[in-house]
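Numbering (our numbering), first residue to last: 364 to 916.
In structure tokens:
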């Protein structure tokens with residue numbers, strides 16, 4: 364890959380300029396070319412490899428270093444949820460603005476997430492470019508039965524992309540105290556999701572392409588997943604960057620789990636409420652059984668050389684990077700999310716966990732060791748980090764060491780950034796089964812959670828105060844927040860269950876100290892104006908602007 368060197372100044376919002384500039388090694392022309400995709404060494408299964416490759420190389424030229432495809436979206440999701448934020452500013456001389464997901468961190472201080480902002484493109488444009496890659500494969504393979512496995516892989520990917528899109532853009536009720544007309548404007552588009560683009564869509568159709576209803580969207584998603592299930596029945600991918608039958612079951616579990624949240628809605632062809640939760644539990648169990656995966660051990664989780672950077676027996680699906688798919692030193696997951704990344708942002712921003720979540724983790728839960736304790740005790744943290752004691756001096760309480768650079772490398776980005784990133788782990792399926800079951804059978808749901816937690820905190824039992832009703836669901840979701848911290852998934856659960864952000868009085872950085880009343884309005888994303896201007900039917904059917912809807916605490 365041709366590269367040029369340029370210096371880019373790191374700007375905090377619109378006003379704060381950091382004291383220095385990080386040197387960026389940038390892809391010439393600002394994008395990954397089709398030749399780079401085609402020549403990628405991960406292209407072990409022909410044309411279908413273009414889909415997982417574009418997921419980790421897509422560059423929209425947004426002018427910010429979080430513009431690196433699906434991993435960039437994952438980071439934005441967790442900052443929207445309020446479960447991941449920079450903690451560096453809690454140390455003398457630390458600076459929270461090294462975390463470059465600022466539009467998603469500070470929606471109460473900026474209009475960066477409204478439809479007119481370029482930042483609204485990150486999710487929308489990436490997903491539709493991913494969908495185009497899947498559609499291109501489907502247009503090529505058609506109904507040729509000799510290519511049915513390719514079709515199944517492409518449809519599984521497309522189902523992932525549409526499922527994510529639907530959950531991001533489905534405008535669910537949300538309180539917005541400072542926006543008096545938010546809810547009335549939201550109600551006008553209630554139940555609408557995103558436009559449908561397939562391999563047969565014409566240019567004329569795309570110019571007048573309305574948002575699908577929720578029911579229509581899930582009919583389409585399940586049709587893709589049903590076809591993928593049939594096509595992949597006897598298929599084993601060479602690498603886990605391609606979906607298997609177990610992954611298809613896992614995607615169905617995710618879809619049914621979302622629909623379980625609509626107990627007050629009935630559709631003719633799509634289940635909701637308890638019926639959907641029962642199917643979510645069923646397909647989560649199918650995913651577990653078909654995957655052959657085993658739950659991660661503490662040794663795997665906490666290994667400073669391979670922890671959360673290497674595919675293991677718990678991972679069902681992953682993004683697998685190579686030296687050819689690492690765009691540069693800063694357009695990379697590890698550069699932002701790993702404390703090891705002294706060449707990037709991770710060491711300086713220190714992505715961390717809310718202190719109130721950390722405080723709920725059982726004392727004997729090994730996942731607690733993923734985070735710097737409140738006392739910043741070096742001896743207790745040292746086994747789980749690649750930092751030296753001197754390098755640790757600037758690290759704040761609650762910073763995370765979950766994600767490591769490749770081999771724990773701290774300076775050579777061309778080695779450090781070549782990591783794998785989880786898309787689906789078997790642990791998600793265990794927790795999905797537990798939660799979905801708890802909605803209709805509390806005793807079994809509790810037992811499923813306790814069985815899972817025996818792998819995390821021996822002797823764990825569901826606290827008596829949280830043993831039933833909404834509090835049992837909250838306990839399961841809490842364990843899911845810890846299990847999947849930083850993996851870009853928990854936002855969908857918080858949105859589905861109308862859960863609140865509670866960062867008003869913890870260690871949240873300045874500008875992110877907010878307590879919401881239920882789901883946040885910025886969890887209902889807006890479609891970019893530039894898209895609506897080309898597909899004019901969207902101009903009057905967009906989600907309302909969610910920005911600056913709460914006062915800071």
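Glycine included, every Cβ here is placed at the ideal spot set by N, Cα and C. Since the structure is predicted, the reported quantities are computational estimates derived from the model, not experimental observations.
Closest to residue i by C-alpha separation, out of the options, would be which residue?
| i | options | result |
| --- | --- | --- |
| residue 898 | 574, 547, 795, 529 | 574 |
| residue 533 | 544, 516, 551 | 551 |
| residue 514 | 416, 410, 536 | 410 |
| residue 494 | 794, 564, 735, 468 | 564 |
| residue 760 | 775, 832, 744 | 744 |
| residue 820 | 842, 827, 830, 832 | 842 |
| residue 672 | 755, 697, 882, 742 | 697 |
| residue 587 | 577, 516, 829, 685 | 516 |
| residue 763 | 458, 523, 713 | 713 |
| residue 434 | 769, 584, 464, 451 | 464 |
| residue 640 | 625, 653, 652, 649 | 625 |
| residue 454 | 904, 871, 914 | 871 |
| residue 729 | 445, 823, 689, 773 | 823 |
| residue 656 | 689, 691, 613 | 613 |
| residue 448 | 467, 431, 432 | 467 |
| residue 854 | 740, 528, 459 | 528 |
| residue 415 | 805, 829, 688 | 688 |
| residue 523 | 490, 554, 802 | 490 |
| residue 482 | 758, 430, 667 | 430 |
| residue 676 | 666, 851, 788 | 788 |
| residue 450 | 894, 883, 873, 831 | 873 |
Which residues in the same chain have their Cβ closer than 6 Å to the Cβ of residue i, if we skip the five residues on either side of it in sequence?
| i | result |
| --- | --- |
| residue 710 | 702, 704 |
| residue 896 | none |
| residue 549 | 534, 907 |
| residue 869 | 717, 718, 719 |
| residue 669 | none |
| residue 321 | A question about residue 321 goes unanswered here, because the residues of the chain that appear run from 364 up to 916. |
| residue 580 | 529, 556 |
| residue 846 | 790 |
| residue 571 | 900 |
Quick one: using the 10 Å Cβ neighbour count with 16 as the cut-off for buried, is residue i buried or exposed?
| i | result |
| --- | --- |
| residue 569 | exposed |
| residue 910 | buried |
| residue 727 | exposed |
| residue 541 | exposed |
| residue 880 | exposed |
| residue 507 | exposed |
| residue 674 | buried |
| residue 875 | buried |
| residue 599 | exposed |
| residue 827 | exposed |
| residue 902 | exposed |
| residue 446 | buried |
| residue 746 | exposed |
| residue 547 | exposed |
| residue 473 | buried |
| residue 441 | buried |
| residue 806 | exposed |
| residue 426 | exposed |
| residue 905 | buried |
| residue 424 | exposed |
Using a Cβ-Cβ cut-off of 7 Å (strictly less than) and excluding sequence neighbours within five positions of residue i, which residues of its own chain qualify?
| i | result |
| --- | --- |
| residue 644 | 796, 799, 800 |
| residue 647 | 616, 792, 795, 796, 799 |
| residue 531 | 486, 888 |
| residue 396 | The predicted position of residue 396 is uncertain, since its pLDDT is 40 and thus under 50; no value can be drawn from it. |
| residue 725 | 820, 823 |
| residue 418 | 432, 433, 493, 682 |
| residue 512 | 594, 595, 598 |
| residue 877 | 471, 864, 866, 867, 913, 915, 916 |
| residue 813 | 823, 824, 825 |
| residue 721 | 734, 761 |
| residue 667 | 747, 748, 749, 767, 771 |
Write down the C-beta distance between residue i and residue j rounded to the nearest angstrom, noting that I regard them as a contact closer than 8 Å.
| i | j | result |
| --- | --- | --- |
| residue 862 | residue 840 | 7 Å |
| residue 848 | residue 765 | 7 Å |
| residue 825 | residue 809 | 5 Å |
| residue 892 | residue 478 | 5 Å |
Less than 8 Å between C-beta atoms, sequence neighbours within five positions excluded: which residues of the same chain meet that for residue i?
| i | result |
| --- | --- |
| residue 708 | 385, 428, 461, 462, 463, 693, 698, 699 |
| residue 774 | 705, 706 |
| residue 518 | 497, 501, 587, 588, 590, 591, 594 |
| residue 583 | 525, 559, 575 |
Could you say if the region 731-738 and the region 775-791 meet the contact criterion of at least three C-beta pairs nearer than 8 Å?
no
Taking 8 Å as the cut-off, does the region 853-864 touch the region 621-633 (at least 3 CB pairs, one atom from each stretch)?
yes
Touching by the beta-carbon criterion (3+ pairs, under 8 Å), the region 623-633 and the region 658-670:
no
Touch check for the region 676-684 and the region 606-615: three-plus C-beta pairs under 8 Å?
yes
Take every Cβ of the region 773-781, pair it with every Cβ of the region 595-605, and state whether three or more of those distances are shorter than 8 Å.
no
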